[in-house]
Every structure is written in structure tokens, then in C-alpha cells.
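Residue numbers for the sequence shown follow the numbering used here, beginning at 9 and rising by one.
We treat Cβ as the ideally placed atom computed from N, Cα and C, and that holds for glycine.
All values reported here derive from a predicted model rather than from experimental measurement.
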Amino acid sequence: MNVPALPLPAPATLPAAVLWDMDGTIVDTEPYWMQAQTELVASWGGVWTHDDGMLMVGSGLWTSAAILQSRGVDLSTDEIVARLTDRVQEQLAEHGVPWRPGSRELLQSLKVAGVPTALVTMSVERMARQIIDLIDFPAFDIVVAGDMVANSKPHPEPYLLAAARLGVDPRRCIAIEDSAPGVASAVAAGTIAIAVPHQIDLPDSDSYTRWPTLVGRTIDDLITLYQQSATVDSTSPDSIHPDPDPELAPHGRGDTESAPRA
Numbered sequence: 009m010n011v012p013a014l015p016l017p018a019p020a021t022l023p024a025a026v027l028w029d030m031d032g033t034i035v036d037t038e039p040y041w042m043q044a045q046t047e048l049v050a051s052w053g054g055v056w057t058h059d060d061g062m063l064m065v066g067s068g069l070w071t072s073a074a075i076l077q078s079r080g081v082d083l084s085t086d087e088i089v090a091r092l093t094d095r096v097q098e099q100l101a102e103h104g105v106p107w108r109p110g111s112r113e114l115l116q117s118l119k120v121a122g123v124p125t126a127l128v129t130m131s132v133e134r135m136a137r138q139i140i141d142l143i144d145f146p147a148f149d150i151v152v153a154g155d156m157v158a159n160s161k162p163h164p165e166p167y168l169l170a171a172a173r174l175g176v177d178p179r180r181c182i183a184i185e186d187s188a189p190g191v192a193s194a195v196a197a198g199t200i201a202i203a204v205p206h207q208i209d210l211p212d213s214d215s216y217t218r219w220p221t222l223v224g225r226t227i228d229d230l231i232t233l234y235q236q237s238a239t240v241d242s243t244s245p246d247s248i249h250p251d252p253d254p255e256l257a258p259h260g261r262g263d264t265e266s267a268p269r270a
């Protein structure tokens, strides 16, 4: 898709970066995860329904693995996470990137405007890299994945780490999310959070901006939101969010809310 050349906004009007959730926000891999769960439970003689799968939305990969163990899957949580991820990756390779409506257009317009972008997903890094490789333009400057943090969504670490790696203040970043754990993480990190509900509805809140869809949303909408939100003097101590605690430096997968859809 060709993006028409448009006058670029002045840098001062742009957010420092836009931080994107992956599953359910940029791509719709939810059916792939549900298929993988159904097949895995069935292979151990159990039954997994659509309603069961919906209960997992927003849950962590390792939390989800524990639930699957309770349904008779006699594997370790790490083995379950690996098998689910493998199966989802197989479906991605077969079917390609299942874009969420409006996400590709908005993401590409940000790249044209030179706005730094990060992929902040609680899927494992190898799956995030596969999706990035399937995108036909250089979509992201950095990746923060679920097996790269000690504390996963809804903890603020993923978004704090993304901002730190980009060298920007998280309070000058916009984060786009679809799940409750993801939105909670973005808000806790101090970002300007946008909730775009997918499988599970999210209520209106003073803590974030709720958009029903990304369809028709443009960089101008992000600039307007940024200008409305950036009311605290950047030189004020209260306006600068601290860097991630050194103890939270990435050293393996997180065990809390490491969500395939967050």
C-alpha cells in the first residue's frame, strides 16, 4: 500500500514514541491461540470450548498454561507455552498477518512521520519477531517481549523498559492496547494510554482514552490526544517517570500476566 506524501507535523507536536501492544491490537491472533489450546487439550483427552478460550483472554501465557494443566494437559508450564507458541506460529506462517482494522494504516503513517515505535507484547520474542518479519515495511524500532522482562503486564515494567530503550520519557509516549492487563500496564507506566477493545470490552475511564476502533484514526488524532495530555511541564520532577529498577532488567520470561493477547 502506497502512503501519499503529506506535510509532516512539526516535531514538537509529535509524541516521543508510540508503543504498540501486539495480539488483539495490531494483529488478531486470538483464533490461532484458541485453536492451539483446543488441539492441545484434545490431545490429552479433554474438551476445550470457545467459552473456555474466552476466559483466557488477558491471562498470562504461564498462567494460561497452569489452567490447561488443570484440564488434564500433563506437561510443564514451559512445555505448554512452547507448544502453544509453536502452533500459533505455524498458523501465522500459513495464513500471514491477520491485521486488526486500521492498525496497519496508522502504524505506517507513524513511520512516514518519523515517530519512533516499539512493539510491547507479552508473547515470546520469537513469535513477535516472526510477525515483524511478515510486515512489509520496517514497522518497529525495538521489541519488548514477555520472555524479556521479569514482571509482565499489568506491571509497568514492559512499557518502562520500552521507553528506556528508546531513550524517551514514558509520559511523552502514547501506548495502544486492547486488554485490561495491557491498559493497566500502560497507565501504570505513565504513558498516554489508548484502549481499543477487541474480545473483551473495556469501560470508559479517566485513566485512558477509549476508541472503539482504529479504523479512520490518523496521526492527527494521536497528535491531538498528545497535546491534550501533555499538560505537565517536562522539567517538573513529577513529570518524569523513573527508569526501570535495575532489579527489573530483562533476564527471562515474566510469570505474571505474560499474556498472549496483552
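8 Å Cβ shell around residue i - same chain, five flanking residues per side excluded
i, result
"residue 231", "17, 21, 22 and 23"
Range of the contiguous beta strand (DSSP E) that encloses residue i
i, result
"residue 127", "125-128"
"residue 28", "25-28"
"residue 195", "First-last for residue 195: 188-196, but that is the alpha helix (DSSP H), not the beta strand (DSSP E)."
"residue 203", "200-203"
Beta-carbon gap between residue i and residue j smaller than 8 Å
i, j, result
"residue 108", "residue 26", "no"
"residue 55", "residue 73", "no"
"residue 136", "residue 153", "yes"
"residue 96", "residue 44", "yes"
"residue 126", "residue 52", "no"
7 Å CB neighbourhood of residue i in its chain, flanking five on each side removed
i, result
"residue 193", "161, 162, 163, 164, 166 and 167"
"residue 81", "48, 49, 52 and 88"
Nearest-angstrom beta carbon gap, residue j and residue i [assumed within contact, 8 Å]
i, j, result
"residue 114", "residue 210", "Wrong, their Cβ atoms sit about 19 Å apart, outside the cutoff."
"residue 183", "residue 202", "7 Å"
"residue 170", "residue 123", "That pair is no contact at about 14 Å."
Residue range of the alpha helix (DSSP H) that includes residue i
i, result
"residue 182", "Looking at the DSSP string, residue 182 is not in any alpha helix (DSSP H); the run it does join, the beta strand (DSSP E), is 181-185."
"residue 61", "58-63"
"residue 103", "85-103"
"residue 141", "133-142"
"residue 112", "111-121"
"residue 173", "165-174"
"residue 76", "69-78"
"residue 39", "38-51"
Collapsed DSSP secondary structure at residue i in the structure displayed
i, result
"residue 31", "strand"
"residue 152", "strand"
"residue 266", "Residue placement at residue 266 is flagged as unreliable, the pLDDT there being 35, under the threshold of 50; the coordinate-derived value follows with that caveat. Coil."
"residue 160", "coil"
"residue 221", "coil"
Contact set for residue i: own chain, Cβ-Cβ below 6 Å, skip 5 residues either direction
i, result
"residue 42", "61"
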